[in-house]
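Enquirer: Below is the structure I would like to discuss, written out as structure tokens.
There are 2 protein chains.
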Amino acid sequence: MDKIPTVKDVATLAGVSVGTVSRVLAGELSVKTVLRDKVHDAIDALGYRPNVMARALRTSKTDVIGLIVPDITNPFFSQMAASAERAALEHRHSLMLASSHNDREAEQSHISAFLDRSVRGIIIVAANVTHPAHVKSKVPIVSLDRRFADFPLISINHAEAAALVADHFYELGHRRIAYIAGPADTEAGRARREGFVNRIRALDEKAELKIFSGRFDYESGEVIARRLLAQPPNMRSTAIAAASDQQAIGVLRAARDLGLDVPGVLSIAGFDDIHLANLVVPRLTTVRQPTDQLARRAVKLLLERVSEPGDEALSASLIIRGSTAPPPDQAGHQLKTGRKSRQKE
Amino acid sequence: MDKIPTVKDVATLAGVSVGTVSRVLAGELSVKTVLRDKVHDAIDALGYRPNVMARALRTSKTDVIGLIVPDITNPFFSQMAASAERAALEHRHSLMLASSHNDREAEQSHISAFLDRSVRGIIIVAANVTHPAHVKSKVPIVSLDRRFADFPLISINHAEAAALVADHFYELGHRRIAYIAGPADTEAGRARREGFVNRIRALDEKAELKIFSGRFDYESGEVIARRLLAQPPNMRSTAIAAASDQQAIGVLRAARDLGLDVPGVLSIAGFDDIHLANLVVPRLTTVRQPTDQLARRAVKLLLERVSEPGDEALSASLIIRGSTAPPPDQAGHQLKTGRKSRQKE
DNA sequence: CTGAAAGCGCTTACAG
DNA sequence: CTGAAAGCGCTTACAG
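Chains A and B, in that order, give the protein sequences. Heads up, this note's numbering is the position in the first sequence plus 728, with the first residue counted as 1. Heads up, this note's numbering is the position in the second sequence plus 728, with the first residue counted as 1.
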């Protein structure tokens, strides 16, 4: 009783062959009920647990899904990882995690490591680099949020989502608007920008629209905002949309440093709805990515081994919070719209 | 050439036995150089990669380390996870990730799943629950930051670290001080509190010290701070130390809502040095946890299979930023010490 | 120093 | 419907 029990022990105790035990384990209904019960009793009596390694060796399949993200400490990716873990668990799989640090070589070597370990499939949020990737894999691979090589992509419809923000700004009455884009070498960066810009143009050809490009991080948003907000009040944009929450929070920070009231004098909107978006002051209006659903689709695609998988785009939703409001009234009363009245939403 | 090559193929090509190939793979220096070279040539020629599953079945060992954290979206834990992944990679291991969601049952079932998969060892940041855990495991387990069951704990010396904050407050001249503790049912919560309180008492028996208890999260800090800061200025604490950065950021938020200048009128210090601590306004004075070192020690302990592993405590360091300053001068000039002068540091 | 062989714990055609 | 047997790809005593 000290040794870990195997199929053999179960078979002996149940008085059947190991083949039968294996079939019961696999849930084959061809096994007669009497035998099946005996086997189950023996399994319970021995506390038998199948040896995952042996099974994997035979079938060259495991119950592990590999996830590669650029940086797990980035709140958006850690949210994705949490969702992926949850989705994997729903299918009784485990998650193996690796970070690429936006390095294509690291990405490739993690893929190799996953393949060596016979993972069931790989979900990859691609590194943000131009150098193209080429990978051949026996196991299915899907891109999540950012496309990797030419593998199918599960993401939100970035353009459509960004247009929601454009609509929101427009409805509030903003006509001097700025957009802080993400890197042009990412599909997400490009699509969000296009979606936002095209919608504004469609709504009002004469609306003033300034466009800047940066990385997706805090610093990028802050640096761009400082430049943007240095202009005199009557020239300055009254609303800034950013391609990520982190950028938007950088903008918020710059605004605070400059003593500009948000949203009284300046409206700010982000993208992603990371946890922090709801914790800054004022809380950030943003676009919520349905990470649980995205991850669930990705896992499903891996496990069902769809023959010709295509891209899938889910819808995102606008979350309106305290960082957006109508533009300051032209008569110059903007200070009245300030802190007290709005920031707690 | 379409089939994946095995030791057998390598052996055939190199003209040796599979045993010899295996020995070369294991780096045994008993193998003669001539043979070794032949084997290496064959490996290169075939692009051979060892089958991890087969090896694991034979040796019942894998190159995977399991990590369980309460919640990967918590920035402190995602930092821990990043450090653990890095440390694992340094030893050519992969990381399997699971979240317990502060649920002991989930924790146990993740441990079982890891054991089933023959992980090399398990690192666990224990769930924050009172219900005790009992686990028997053939593979080594270490607790990281928060003790799990009676497994050895790798952590900073929480008490000593918290005392650094006490010293800092005292040196700045604060004598009306508040401490927002973490949950009393965590070692970290208790140790940090004791360390802080004892040091203040040791420095000045008559210093006013108010103590509150909460969870480690943002909301907890904010709620407690609102109560605390509602008092009239001459009664109010001039410095608040929190048991976590998240609490401290909650305090910061409450202070801003109440229009209190930080650090002009109120100093705030956190604990952990999460990424965000350096991004809030003003930047947060805090205690930095050496997560890379902690994770590295934990991995080492697992891989070296120390026979009688004991707890290990590393030192943390105080990071002084813009959220702490001398208390407002009693004559009432506190406003002069405000924003402009300090917040950018 | 190296080879031949057993065996890790499963699964799955193959018979019957 | 079930059993006996082969085999997944390694590692490791055991001889020599």
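Quick reminder that beta carbons are idealized off the backbone N, C-alpha and C, glycines included. All values derive from a computational prediction rather than experimental measurement.
Pull up the CB-CB distance for Gln-807 (chain B) and Thr-1013 (chain A), whole angstroms please, since I reckon it's below 8 Å.
Expert: About 28 Å separates the two Cβ atoms, so there is no contact after all.
Enquirer: Could you give the distance in angstroms between the alpha-carbon of Leu-994 (chain B) and the alpha-carbon of Ala-919 (chain B)?
Expert: For Leu-994 (chain B) and Ala-919 (chain B), the distance between alpha carbons rounds to 25 Å.
Enquirer: As an exercise, report each continuous alpha helix (DSSP H) stretch of at least 4 residues that is fully enclosed by the stretch 967-1019 of chain A, in chain order.
Expert: Qualifying alpha helix (DSSP H) stretches, in chain order: 973-985.
Enquirer: In the DSSP assignment, find the beta strand (DSSP E) that holds Tyr-898 (chain A) and state where it starts and stops.
Expert: First-last for Tyr-898 (chain A): 886-900, but that is the alpha helix (DSSP H), not the beta strand (DSSP E).
Enquirer: Can you list the alpha helix (DSSP H) stretches of 4 or more residues lying completely in the stretch 731-768 of chain B, in chain order?
Expert: Listed in chain order, they are 735-742, 746-753.
Enquirer: Beta-carbon of Ser-995 (chain B) versus every beta-carbon of chain A: anything under 7 Å?
Expert: No, no contact with chain A.
Enquirer: Whose Cβ in chain B lies nearer than 8 Å to the Cβ of Ile-800 (chain A)?
Expert: Result: Ile-800, Ser-806, Ala-809, Ala-810, Glu-813.
Enquirer: Starting from the N-terminal side, write out each stretch of the beta strand (DSSP E) that is 3 residues or longer and does not extend beyond the stretch 846-872 of chain A.
Expert: Runs found: 849-852, 869-872.
Enquirer: Pop quiz: Glu-972 (chain A) and Gly-998 (chain A) are said to be a contact at Cβ under 8 Å. What is the actual Cβ separation, rounded to whole angstroms?
Expert: Per the sequence presented here, residue 972 (chain A) reads as Ser, with Glu not at that position. Ser-972 (chain A) to Gly-998 (chain A), Cβ: 6 Å. Contact.
Enquirer: Three-state secondary structure (DSSP) at Ala-1053 (chain A)?
Expert: Coil.
Enquirer: Would you call the stretch 886-898 of chain B in contact with the stretch 1019-1035 of chain B, where contact means no fewer than 3 C-beta pairs closer than 8 Å?
Expert: Touching, no.
Enquirer: Would you verify that the beta carbon of Asp-973 (chain A) is, or is not, closer than 7 Å to some beta carbon of chain B?
Expert: Not closer than 7 Å to any Cβ of chain B, the Cβ of Asp-973 (chain A) fails to qualify, so no.
Enquirer: Against chain A, with Cβ distances strictly below 7 Å, would Ser-1043 (chain B) count as a contact?
Expert: Taking Cβ atoms only, chain A never reaches closer than 7 Å to Ser-1043 (chain B), which makes this a no.
Enquirer: Got a sec: is the Cβ-Cβ distance from Met-729 (chain A) to anything in chain B below 7 Å?
Expert: For Met-729 (chain A), the predicted model reports a pLDDT of 45, less than 50, meaning its position is unreliable and no value from the coordinates is stated.
Enquirer: Between Ile-851 (chain A) and Phe-897 (chain B), what straight-line distance do the alpha-carbon atoms span, to the nearest angstrom?
Expert: Taking the straight line from one Cα to the other gives about 47 Å.
Enquirer: Please list, in chain order, the chain B residues whose beta carbon lies closer than 8 Å to that of Leu-823 (chain A).
Expert: Correct list: Met-824, Leu-825, Ala-826.
Enquirer: Hey, is Asp-844 (chain B)'s beta-carbon within less than 7 Å of any beta-carbon in chain A?
Expert: Judged by the 7 Å Cβ criterion, Asp-844 (chain B) is in contact with chain A.
Enquirer: What is the DSSP secondary structure of Met-824 (chain A), reduced to helix, strand or coil?
Expert: It is a strand residue.
Enquirer: Give the residues from the stretch 768-782 of chain A that approach chain B closer than 7 Å (Cβ to any Cβ), ordered along the chain.
Expert: Cβ contacts with chain B come from Arg-777, Val-780, Met-781, Ala-782.
Enquirer: Could you give the distance in angstroms between the alpha-carbon of Asp-989 (chain A) and the alpha-carbon of Ala-983 (chain A)?
Expert: Their backbone Cα atoms lie some 7 Å apart in a straight line.
Enquirer: With a threshold of 7 Å between beta carbons, is Ala-784 (chain A) in contact with chain B?
Expert: Output row for Ala-784 (chain A): interface = yes.
Enquirer: Can you tell me where the beta strand (DSSP E) holding Ala-1041 (chain B) begins and where it ends?
Expert: 1040-1042 is the extent of the beta strand (DSSP E) around Ala-1041 (chain B).
Enquirer: Quick check on DSSP: helix, strand or coil for Gly-942 (chain A)?
Expert: Three-state DSSP puts Gly-942 (chain A) in coil, outside helix and strand.
Enquirer: Starting from His-1003 (chain A), find everything on chain B with Cβ-Cβ shorter than 7 Å and list it in chain order.
Expert: Ordered by position in chain B, the residues that pass the 7 Å Cβ test against His-1003 (chain A) are Thr-801.
Enquirer: CB-CB under 7 Å to Lys-1064 (chain B), same chain, minus the five flanking residues each way: which ones, in chain order?
Expert: Low per-residue confidence applies at Lys-1064 (chain B): pLDDT is 40, beneath 50, and the placement is therefore not dependable, though the value from the model is reported in the following sentence. Within the same chain, Lys-1064 (chain B) has no close Cβ partners at all.
Enquirer: Rounded to the nearest angstrom, what separates Val-870 (chain B) and Arg-820 (chain B) at their Cα positions?
Expert: Spanning the two alpha carbons is a distance of roughly 19 Å.
Enquirer: Please check if any C-beta of chain B sits within less than 7 Å of the C-beta of Val-1009 (chain A).
Expert: Yes, Val-1009 (chain A) lies at the interface with chain B (some Cβ there is under 7 Å from its Cβ).
Enquirer: Closest to Arg-874 (chain B) by CA distance: which of B:Lys-736, B:Glu-950, B:Phe-805 is it?
Expert: Taking only the C-alpha atoms, the option nearest Arg-874 (chain B) is B:Phe-805.
Enquirer: Compute the Euclidean distance between the alpha carbons of Thr-748 (chain A) and Leu-774 (chain A), then round it to the nearest angstrom.
Expert: Going from the Cα of Thr-748 (chain A) to the Cα of Leu-774 (chain A) covers about 17 Å.
Enquirer: Quick one: what's got a C-beta closer than 6 Å to Pro-1018 (chain B)'s C-beta in the same chain, skipping five residues either side?
Expert: Counting only Cβ-Cβ distances below 6 Å, and skipping sequence neighbours, we find Leu-1042.
Enquirer: If we call anything under 7 Å between Cβ atoms a contact, is Arg-1011 (chain B) one with Gly-1050 (chain B)?
Expert: Cβ distance < 7 Å, so Arg-1011 (chain B) and Gly-1050 (chain B) count as in contact.
Enquirer: For Asp-831 (chain A), return the contacting residues in chain B, with the cut-off set at a CB-CB distance below 8 Å.
Expert: Per Cβ cutoff of 8 Å: no residues; Asp-831 (chain A) is ~12 Å from chain B at best.
Enquirer: Taking the alpha-carbon positions, what's the Arg-783 (chain A) to Leu-843 (chain B) distance?
Expert: Their backbone Cα atoms lie some 15 Å apart in a straight line.
Enquirer: Can you name the start and end residues of the alpha helix (DSSP H) that Arg-875 (chain B) belongs to?
Expert: No alpha helix (DSSP H) holds Arg-875 (chain B); DSSP gives it neither H nor E.
Enquirer: Does the beta carbon of Tyr-898 (chain A) sit closer than 7 Å to a beta carbon anywhere in chain B?
Expert: Cβ-Cβ to chain B under 7 Å: no for Tyr-898 (chain A).
Enquirer: Can you name the residues that DSSP bridges to Ala-909 (chain A)?
Expert: BP columns for Ala-909 (chain A) point to A:Ser-941.
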